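See structure below.
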Amino acid sequence: MKRLLLIFLLFPCLAAAQAYPAKPLRMIVPFPPGGTTDLIARIVQPKFQENLGQSVLIDNKAGAGGSIGTAEAARAVPDGYTLLMVFDTHAVNHHLYKQAPDPFTTLEHIMLMVVSPSTLVAVTSFAPTNLREVVARAKANPDNVTYASTGHGSSNHLGALLLEQAAGIRMTHVPYKGGGPMVAALLGSQVDIAFISTPLILPHIQARKVKAIAVGSKQRMAVLPNVPTASETYPGLEQVSWFGLLAPAGTPREILMKVHREMKRSLEIPEIRKNLSGRGFEVIAGSPDEFLEFVRDESAKLGKLIRDNGIQVD
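In this note's numbering, the protein residues as written are 1 to 314.
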């Protein structure tokens with residue numbers, strides 16, 4: 001009798017999961033069009049929606065380092081029809097923004113999709129051509145060297161803070177509202193340097209519109225073989241961006257696992273992998289539990305960096 005009662009109680013959830021998806025999905029990207037998160041979403045969207053058998057609408061909801069779009073996703077009905085693709089600010093926004101939801105109680109972590117080392121780039125008019133020269137310039141002119149970011153607590157910001165700590169220098173932070181505006185400012189020579197996700201800035205490096213100073217990976221990258229790692233100058237100095245997929249808390253696990261399965265299938269398609277790797281991304285496609293543990297670790301580590309540096313949102 002108890003077994004029959006359990007089956008009866010679970011039947012609506014199982015039926016919903018089996019019918020899912022019965023209508024188009026919305027994938028919130030909490031940044032403006034043109035940034036790296038938006039780029040990944042648009043690369044995987046065609047195959048992902050084909051695998052699901054329903055349209056997937058990309059909905060850019062920018063603001064507050066990704067907090068506004070994330071909060072909207074957290075408030076959505078947990079039925080699997082609202083998904084959220086995040087950047088690494090997801091692990092730190094709750095340390096910075098009042099409107100940022102608690103990532104561990106309001107959202108379900110589905111998958112760490114891809115990672116990519118950041119590249120430290122400089123405008124062509126900036127005289128230094130290597131990391132030691134950048135540091136020497138900053139030491140000779142405290143606060144005179146400017147660096148761009150997608151906002152307080154972003155990987156661009158934290159990467160520059162790590163460089164400041166490693167080299168004992170001070171620079172001036174200039175935040176922008178997303179990767180697109182940040183790159184536009186850099187190409188317009190409104191700032192000197194920036195740690196930027198390699199896939200976002202790679203075409204501009206190849207077109208010689210900016211110059212690569214160092215990469216944030218442990219080893220040199222295949223797409224930039226002649227660019228040294230930051231750790232070659234300052235051992236342990238690394239900066240990697242990551243991107244993941246989430247859903248509102250309370251979304252049935254059967255639906256979460258179906259989304260995970262179809263996104264994993266999409267990322268494993270050879271043409272998608274080739275597209276991503278050619279831009280400097282590494283496909284991870286890990287499990288929900290692995291993603292959750294990863295975000296917890298990042299939140300603890302970077303939360304301390306934020307507190308130690310007194311980072312505050314303007």
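All residues carry an ideal CB built from backbone N, CA and C; glycine is no exception. Quick caveat, the model's predicted, so the values are computed rather than measured.
Counting only unbroken stretches of 3 or more residues, the beta strand (DSSP E) elements lying wholly within the stretch 180–262 are 193–197, 210–215, 240–248, in sequence order.
If you look at PRO175, you'll find it in the beta strand (DSSP E) that goes 172–175. CA-CA distance, THR150 to GLN54, rounds to 32 Å.
Per DSSP, the beta-bridge partners of MET111 are LEU245. Looking at LEU245, VAL313, GLY310, the one whose alpha-carbon comes closest to that of ASP289 is LEU245. The three-state secondary structure of THR119, taken from DSSP, is strand. Ranked by how close their Cα comes to the Cα of GLU262, the residues ASN60, GLY80, ALA76 have GLY80 in first place. Straight-line measurement puts the Cα of LEU52 at about 7 Å from the Cα of PRO21. Note that the C-beta distance between VAL115 and ILE193 is not below 8 Å. Contact between the stretch 189–206 and the stretch 119–126 is present: three or more C-beta pairs spanning the two stretches fall below 8 Å.
The stretch 125–139 makes no contact with the stretch 89–107; the number of CB pairs closer than 8 Å stays below 3.
The three-state reading of DSSP puts SER149 in strand, counting E and B together.
Three or more beta-carbon pairs drawn from the stretch 150–159 and the stretch 84–93 are found closer than 8 Å, and the two stretches are therefore classed as touching.
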